[in-house]
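Notes for the one structure printed next.
There are 2 protein chains.
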Amino acid sequence: MLDVRRLRLLRELQIRGTLAGVAEALSFSPSAVSQQLSQLEKEVGVELLRTSGRRVVLTPQAEILVSHTEEVLRTLERAEAALASSLTTITGTVRVAVFQSAALALMPDALSIMDSEYPEVRVEMVQREPESALRETWARDFDLVIAEQYPGHAAPRHPELDRRTLTTDAIRLATPPSDRGRSHPASIEGAADAAWVMEPRGTASRHWAEQACRRAGFEPDVRFETADLQSHMRLVESGNAVALLPDLVWIGRGTTARLVLLPEHPQRTIFTSVREASSTRPAIVAVREVLDRAVLLVAGSAGAVPPG
Amino acid sequence: MLDVRRLRLLRELQIRGTLAGVAEALSFSPSAVSQQLSQLEKEVGVELLRTSGRRVVLTPQAEILVSHTEEVLRTLERAEAALASSLTTITGTVRVAVFQSAALALMPDALSIMDSEYPEVRVEMVQREPESALRETWARDFDLVIAEQYPGHAAPRHPELDRRTLTTDAIRLATPPSDRGRSHPASIEGAADAAWVMEPRGTASRHWAEQACRRAGFEPDVRFETADLQSHMRLVESGNAVALLPDLVWIGRGTTARLVLLPEHPQRTIFTSVREASSTRPAIVAVREVLDRAVLLVAGSAGAVPPG
DNA sequence: GAGTATTCTTAAGCAGAACTGACCGATGGG
DNA sequence: CCCATCGGTCAGTTCTGCTTAAGAATACTC
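Chains A and B supply the protein sequences, listed in that same order.
Residue numbering for the first sequence follows the numbering used here, starting at 1 and increasing by one per position.
Residue numbering for the second sequence follows the numbering used here, starting at 1001 and increasing by one per position.
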């Protein structure tokens, strides 16, 4: 019978590309991975790895094994989920990947509720950008990811991930509170000459924001660039920049910035994804349900955000 | 992750009824089976076995695990079978890079044959210029490249690539169908004053065409420049330009253009290259063999091209 | 072109996992 | 009541699988 532990190594090798990468990911020494894969090769009696330069590539036979391994791992995960849901008390560990503004706005409430209602569930949280978070969830580094999606930027679709919309989040033009002699831009067109802060190139947010400016007829003067939306807030509130920011960043704290709703009412979509095989795990179901409630809590306090 | 070896013991226990029976069936001592199942119980944290009289019975949770174990074992068995049959039938993915006129003339037939004769082989095709395609094949972005070579322009030699000529392709002077009062050029010299369409500067095709004109004693008036040979055809057929075009561009569709064979009988060479190391991969061998047949098919229909 | 950094492989040694065998308590048939 | 059968436990042994270290091949860098 094929050894599933070794097959898993082969699968990780396909994902990560190098033995060293597999070893790193699974906390082994590269030597251990090498030996185990040689062993697997000997067992099946077929060449699985071929050295190519200083790395190795999978032979077509290895690809076949990997494709079946996927299903084995899925089944095992489903087995664990079924076992867990047959019990009455909900327990286990849920590893969550979450992007910054959700981490700040949603997770504190969600963690509090989890702690009081599901004390046996341990929630681990890591901050990650949506794209890598989705990939890593697929690769079993996380159990649940909270990701965002800007209008016109569909997130990569992993067929094995079960996706559910958590909420939507209006994006507004944020401008400095006092005008220091300048007039408040009442629309995105009015901010054509302002200094902008945006996220780094290559992010969906940046691309969307630039497009919004171009649709308004100008090329934004992006003077500040940072992935940290908290910095965006500060730059706006201190009168140094304007920005297009989703409402979630203001949650839990008021702002002196002036917020202008855009005519198209753009919305950022926030969703959760879990591996399909683990979607029935009670602990994961619980986290999702609690997140829904955290969203309601936050929406209730959203009166703090003036309509602009 | 659940240990499949232990799950298997649990499954055997369901079938055989007693630990001793399992041990007997799998050539273990009963003690080993007992210890392994206790271990499994500890890992999942759920009671799996309950003593009943002098035997043990599976708890409902154990039954859940067993039912999933069935599927795991089935999948593993299928994996072994797929692996075994992959040794006799040809499978795998072949990534092909191909330049435009071959993509249009050769690949449709080749893909059809592949699909019917080697359904287990997945062929991926990307259109690329020969030079970058060769480099990318060498760099493992592609498995097979279909490239061209003009007379006097040896393609870059990558020692690691295994190159094989696929066919040669006569290059002819193509002139507009009706002469609108002008006389048909009967030779390249006769087109000295015509408007030319050629590929962009820097391509082998352009360089060769310019040289051909200069050998004929004139500098061509290159009024149109595009890498798309389909556009060349249109410009010629619509009476706006003359061009030097290989026969392959006309394949599969007739033309109203007049084709003049040049005295030197220039030929473009079309070849395939694969990495030396992968040149014996059955799927790649199959693609090459099928390409050869596609060439024959196309040559059979080449009567459509008038000798000029 | 030499030096450096990666990556994989192999060898040697060691810790822990897994198995065997002996023993014990419990059970149920005769 | 007796004893064969079964499962659980403990001690001891075997062997798998890990780490470290050394080495070779390859690719990058100055």
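Glycine included, every Cβ here is placed at the ideal spot set by N, Cα and C.
Only a predicted model underlies this, so the values are computations on that prediction, with no experimental measurement involved.
ask   = Using a C-beta to C-beta distance shorter than 8 Å, which residues of chain B count as neighbours of I15(A)?
value = As a position in the first sequence, residue 15(A) is number 15, starting the count at 1. The premise fails here: I15(A) is roughly 16 Å from chain B at the closest Cβ pair, so nothing lies under 8 Å.
query = Going by the beta-carbon positions, is the gap between G1125(B) and V1145(B) smaller than 8 Å?
reply = Stepping through the second sequence from its first residue, residue 1125(B) is reached at position 125. Stepping through the second sequence from its first residue, residue 1145(B) is reached at position 145. According to the sequence provided, residue 1125(B) is Met. The question's Gly does not apply to it. Not a contact, by the Cβ cut-off of 8 Å.
ask   = Whose Cβ in chain A lies nearer than 7 Å to the Cβ of Q1061(B)?
value = One-based indexing of the second sequence puts residue 1061(B) at position 61. Chain A residues near Q1061(B): L83 and S86.
query = Terminal residues of the continuous beta strand (DSSP E) containing S205(A)?
reply = Along the first sequence, read from residue 1 onward, the residue named residue 205(A) stands at position 205. Counting along the chain, S205(A) falls outside any beta strand (DSSP E), though it belongs to the alpha helix (DSSP H) covering A204 to R215.
ask   = Should the region 231 to 239 of chain A be called in touch with the region 264 to 279 of chain A, which here means at least 3 C-beta pairs below 8 Å?
value = no
request  = Could you confirm whether any beta carbon from chain B is found closer than 8 Å to the beta carbon of P307(A)?
outcome  = The count along the first sequence starts at 1 and reaches residue 307(A) at position 307. Unreliable positioning characterises P307(A) in this predicted model, as indicated by a pLDDT of 43, which lies under 50. The coordinate reading is nonetheless provided below. Cβ-Cβ to chain B under 8 Å: no for P307(A).
query = Are V1057(B) and L1007(B) close, meaning C-beta to C-beta below 8 Å?
reply = In the second sequence, counting from the first residue as 1, residue 1057(B) sits at position 57. In the second sequence, counting from the first residue as 1, residue 1007(B) sits at position 7. No, they are not a contact pair.
query = Which residues in the same chain as P1200(B) place their Cβ atom closer than 8 Å to its Cβ, once the five residues preceding and following it in sequence are excluded?
reply = Taking the second sequence and counting its residues from 1, the one referred to as residue 1200(B) is at position 200. Hits under 8 Å: R1206, E1225, T1226 and A1227.
task = Since I believe V4(A) is in contact with V1350(B) (beta carbons under 8 Å), could you give me their beta-carbon distance rounded to a whole number of angstroms?
result = Missing from the structure shown is residue 1350(B); chain B here goes from 1001 to 1308 and no further.
ask   = With a CB to CB cut of under 6 Å and the five nearest residues on each side skipped, what residues in its chain are close to P151(A)?
value = Start at 1 with the first residue of the first sequence, and residue 151(A) comes out as number 151. Counting only Cβ-Cβ distances below 6 Å, and skipping sequence neighbours, we find P266.
inquiry  = Given this structure, state the Cα-to-Cα distance separating M1(A) from R1078(B), to the nearest angstrom.
reply    = Taking the first residue of the first sequence as position 1, residue 1(A) is located at position 1. Taking the first residue of the second sequence as position 1, residue 1078(B) is located at position 78. Answer to the nearest angstrom: the Cα atoms are 11 Å apart.
Partners in chain B for T75(A), counting only beta-carbon separations shorter than 8 Å = Looking up residue 75(A) in the first sequence gives position 75. Chain B residues near T75(A): H1068, E1071, V1072 and T1075.
message = Once DSSP output is grouped into helix, strand and coil, what is the label at P307(A)?
response = As a first step, residue 307(A) must be located in the first sequence, where it is residue number 307. Here P307(A) scores only 43 on pLDDT, less than 50, and its place in the model should not be relied on; the value that follows carries that caveat. It is coil, neither helix nor strand.
ask   = Name the chain B residues whose beta carbon is nearer than 8 Å to that of L2(A)?
value = For the purposes of this step, residue 2(A) is identified with residue 2 of the first sequence, where counting begins at 1. Residues of chain B passing the Cβ test: L1076, A1079 and E1080.
task = Could you check the C-alpha separation between Q208(A) and M1233(B) for me, to the nearest Å?
result = To locate residue 208(A), count along the first sequence from 1; it is residue 208. To locate residue 1233(B), count along the second sequence from 1; it is residue 233. The residue asked about is misnamed: residue 208(A) is Trp in this sequence, not Gln. Computed Cα separation, rounded: 40 Å.
query = What residue range is occupied by the uninterrupted alpha helix (DSSP H) comprising D109(A)?
reply = Reading the first sequence from its first residue, position 109 is the one you call residue 109(A). Start and end: M107 to E117.
task = Would you mind sorting G45(A) into buried or exposed? The rule is 16 or more other CB atoms within 10 Å of its CB.
result = For the purposes of this step, residue 45(A) is identified with residue 45 of the first sequence, where counting begins at 1. Exposed, because fewer than 16 other Cβ atoms sit within 10 Å of the Cβ of G45(A).
query = Cβ atoms of H68(A) and T1075(B): under 8 Å apart, would you say?
reply = For the purposes of this step, residue 1075(B) is taken as residue 75 along the second sequence, with counting starting at 1. For the purposes of this step, residue 68(A) is taken as residue 68 along the first sequence, with counting starting at 1. Cβ atoms of T1075(B) and H68(A): closer than 8 Å.
message = I need the DSSP call for V1046(B), collapsed to helix, strand or coil.
response = Translated into positions along the second sequence, residue 1046(B) becomes position 46. Of the three classes helix, strand and coil, the one that applies to V1046(B) here is coil, per DSSP.
message = To the nearest angstrom, how far is the alpha carbon of V96(A) from that of L166(A)?
response = As a first step, residue 96(A) is located in the first sequence; it is residue number 96 there, counting from the start. As a first step, residue 166(A) is located in the first sequence; it is residue number 166 there, counting from the start. Going from the Cα of V96(A) to the Cα of L166(A) covers about 14 Å.
request  = Measuring only between beta-carbons, confirm whether L58(A) sits less than 8 Å from chain B.
outcome  = Translated into positions along the first sequence, residue 58(A) becomes position 58. L58(A) does not count as touching chain B.
task = Look at the alpha carbon of T269(A) and the alpha carbon of E148(A), and state the distance between them as a whole number of angstroms.
result = Sequence index remark: in the first sequence, residue 269(A) carries index 269 (1-based). Sequence index remark: in the first sequence, residue 148(A) carries index 148 (1-based). Distance between the alpha carbons of T269(A) and E148(A): 6 Å.
message = 8 Å is my cut-off, CB to CB: does L1134(B) come that close to chain A?
response = Counting from 1 along the second sequence, the entry for residue 1134(B) is found at position 134. No, L1134(B) lies away from the interface with chain A (no Cβ there is under 8 Å from its Cβ).
task = State yes or no: is the beta carbon of T1137(B) nearer than 8 Å to at least one beta carbon in chain A?
result = Position 137 of the second sequence holds residue 1137(B). Not closer than 8 Å to any Cβ of chain A, the Cβ of T1137(B) fails to qualify, so no.
message = Please confirm whether V44(A) has its beta-carbon closer than 8 Å to some beta-carbon of chain B.
response = Position 44 of the first sequence, counted from the first residue, corresponds to residue 44(A). Answer yes: the Cβ-Cβ gap between V44(A) and chain B drops below 8 Å somewhere.
task = Just the chain A side, please: which residues come within less than 8 Å of T1091(B) by C-beta, in chain order?
result = Within the second sequence, residue 1091(B) is the residue found at index 91, counting from 1. The answer, in chain order, is P60 and I64.
key: Opposing strand residues paired with S1273(B) [DSSP bridges]   = Residue numbering aside, residue 1273(B) sits at position 273 when the second sequence is read from its first letter. S1273(B) pairs with V1145(B) and R1163(B).
query = Got a sec, what are the start and stop residues for the beta strand (DSSP E) R1055(B) sits in?
reply = One-based indexing of the second sequence puts residue 1055(B) at position 55. Looking at the DSSP string, the run of the beta strand (DSSP E) that includes R1055(B) is R1055 to L1058.
Residues that A1212(B) contacts on chain A, provided the C-beta gap is smaller than 8 Å = Here residue 1212(B) refers to the residue found at position 212 when the second sequence is read from its first residue. In chain order: nothing, as chain A lies at least about 41 Å away.
query = Does A1032(B) come within less than 8 Å of chain A when only Cβ atoms are used?
reply = Numbered from 1 along the second sequence, position 32 holds the residue referred to as residue 1032(B). So no, A1032(B) is outside the interface.
request  = Please list, in chain order, all residues of the same chain as R1016(B) whose beta carbon is under 7 Å from its beta carbon, the five residues on each side excluded.
outcome  = For the purposes of this step, residue 1016(B) is taken as the residue at position 16 of the second sequence. V1022 and A1025.
query = Does the region 156 to 170 of chain A touch the region 110 to 124 of chain A, meaning 3 or more C-beta pairs lie closer than 8 Å?
reply = no
inquiry  = In the DSSP output, what is I171(A) paired with across the bridge?
reply    = Locating residue 171(A) in the first sequence gives position 171, counting from the first residue. I171(A) is bridged to P246(A).
message = Output needed in chain order: residues of the region 1281 to 1293 of chain B with a Cβ under 8 Å from some Cβ in chain A.
response = R1281 and A1283
ask   = In terms of residue numbering, what span does the alpha helix (DSSP H) encompassing T93(A) cover?
value = The residue labelled residue 93(A) in the question sits at position 93 within the first sequence. No alpha helix (DSSP H) holds T93(A); the beta strand (DSSP E) holding it covers G92 to V98.
query = So is R293(A) buried or exposed if we call it buried at 16+ other beta carbons inside 10 Å?
reply = Taking the first residue of the first sequence as position 1, residue 293(A) is located at position 293. Counting Cβ neighbours within 10 Å, R293(A) comes out exposed, since fewer than 16 surround it.
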